[in-house]
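Chemist: Heads up: the sequence shown at position 27 corresponds to 27 in full-length UniProt numbering, and the numbers run straight through without jumps.
From the three backbone atoms N, C-alpha and C, an ideal C-beta is built for every residue, glycine too.
If you're wondering where the values come from, they're calculated on a predicted model, not measured in any experiment.
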Amino acid sequence: MATRCITRRCAGLTSATPTSVVQGFIKTATTARPFHQNTPRPVFEFLAPRLGAPLQPYTLTRNRISRDSVRYFSNNGTPKATVTTFNPRKNDDGTEQKIEITPRAADRLQQLRKKENNPNLALRVEVQSGGCHGFQYVMSLCDLPANISRDLFSKDPVQSGSFSSPNTPSTDPNPMPTSSSASKSNTPATMDLREDDTVFSYISDHSHANVVMDVFSLDALKGSKIDYEVKLIGAEFKIIDNPAATSSCGCGTSFDIKF
1 MATRCITRRC AGLTSATPTS VVQGFIKTAT TARPFHQNTP RPVFEFLAPR
51 LGAPLQPYTL TRNRISRDSV RYFSNNGTPK ATVTTFNPRK NDDGTEQKIE
101 ITPRAADRLQ QLRKKENNPN LALRVEVQSG GCHGFQYVMS LCDLPANISR
151 DLFSKDPVQS GSFSSPNTPS TDPNPMPTSS SASKSNTPAT MDLREDDTVF
201 SYISDHSHAN VVMDVFSLDA LKGSKIDYEV KLIGAEFKII DNPAATSSCG
251 CGTSFDIKF
């Protein structure tokens, strides 16, 4: 009896169709399991939304600079320049006859003014015939009228003649030489301004110097510079860069002029 039952069960299993077995396997494999549904998926931290204030949209704004915040560089000081302060003269082509006073010459004249306690002190430059090259310049100290010294840009004519100054005596037996040839000059340190003279002034914050020339001297020295040189053998005022000079002497005071 027992043998017959086992035989029937085996026959029943073997008689089952292969299709039903495959369908049962697929059903078992596709059945969702509870632990897969309840297990949450891992979430990365950088993917999680940030909690807080909402992000504001970034807008590009153009910086506006107000006129009040802008600083401009300005120079309120007096510019360094040589100007004609009395009786300007012109060439045949209409250009003005000028000379240039270097800062060193202006500083030296300023020192002499303080030393003599004379604000009207000026340097007179004259061109005379003589020397080894035909012409030579002679320099000496003189006094300008007080009104010329105070009102530098006034072009009012000044009457010719002598103008005495209480600060500097007119009979100074030993005037301070300002050039190697000043002691040989026949023109002493006078206090006069002639009608045909031209006055040039160097104006800056620290120096104020005046140079006087007559009409012939200015015509021979126009375009040149008045400098002050300090050497081992001494110091002196000199004329440099004279465009009208064709040749000069080693002493520096004698030169030839092309007309």
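1) Which residues bound the beta strand (DSSP E) around Glu229?
2) Specify the secondary structure class of Ser217 as computed by DSSP and reduced to three states.
3) Considering Ala81, what are the terminal residues of the beta strand (DSSP E) in which it resides?
4) Near Leu218, which residues of its chain fall below 8 Å by C-beta distance, leaving aside the five closest residues on each side in sequence?
5) Does any residue of chain B bring its CB to less than 8 Å from the CB of Leu221?
6) Using the rule of at least 16 other Cβ atoms within 10 Å of the residue's Cβ for burial, across every protein chain shown, is Val125 buried or exposed?
7) Of the residues Val83, Tyr202, Thr95 and Tyr228, which one's Cα is nearest the Cα of Ala105?
8) Start and end of the beta strand (DSSP E) containing Leu193?
9) Between which two residues does the alpha helix (DSSP H) carrying Arg89 extend?
10) Roughly how many angstroms separate the alpha carbons of Ser180 and Asn118, rounded to a whole number?
11) Go ahead and pull the three-state DSSP assignment for Asp107.
12) Since I believe Ala122 is in contact with Val211 (beta carbons under 8 Å), could you give me their beta-carbon distance rounded to a whole number of angstroms?
13) Around the Cβ of Lys114, are there at least 16 other Cβ atoms within 10 angstroms (buried) or fewer (exposed)?
14) Per DSSP, what kind of secondary structure is Ala209 in: helix, strand or coil?
15) Let's test the definition: count the other Cβ atoms within 10 Å of the Cβ of Ala245 and tell me whether it reaches 16, buried, or not, exposed.
16) Just the Cα atoms here: how many angstroms apart are Ser165 and Ala209?
17) Quick check on DSSP: helix, strand or coil for Ile239?
18) Assign Thr95 to buried or exposed, taking buried as 16 or more other Cβ atoms, counted over all protein chains shown, within 10 Å of its Cβ.
19) What does DSSP give as the partner residues of Ser140 in its beta bridges?
20) Are the CB atoms of Lys225 and Ile240 nearer to each other than 8 Å?
21) Would the beta-carbon of Leu232 be found less than 7 Å away from any heavy atom of the ligand FAD?
22) What's the C-alpha gap between Phe200 and Asp214?
23) My understanding is that Ser207 touches Asp143, with C-beta atoms under 8 Å, so please give their C-beta distance in whole angstroms.
24) Between Ala235, Gly223 and Phe216, which lies nearest to Gln136 when the distance is taken from Cα to Cα?
Modeler: Let me lay it out:
1) Lys225 to Lys231
2) helix
3) Ala81 to Phe86
4) Arg89, Gln97, Ile99 and Thr198
5) Among the protein chains of the structure shown there is no chain B, as only one such chain exists.
6) buried
7) Tyr228
8) No beta strand (DSSP E) holds Leu193; DSSP gives it neither H nor E.
9) Neither: Arg89 is in no alpha helix (DSSP H) and is coded neither H nor E.
10) Unreliable placement is indicated for Ser180, whose pLDDT of 39 sits below 50; no coordinate value is reported for it.
11) helix
12) 7 Å
13) exposed
14) strand
15) buried
16) Note on Ser165: pLDDT 41, under 50, position unreliable in the model; the coordinate value appears next. Looking at the two C-alpha atoms, the distance is approximately 18 Å.
17) strand
18) exposed
19) Arg124
20) yes
21) You won't find the ligand FAD in this model; it holds no ligand whatsoever.
22) 11 Å
23) Not really, about 18 Å apart at Cβ, beyond 8 Å.
24) Phe216
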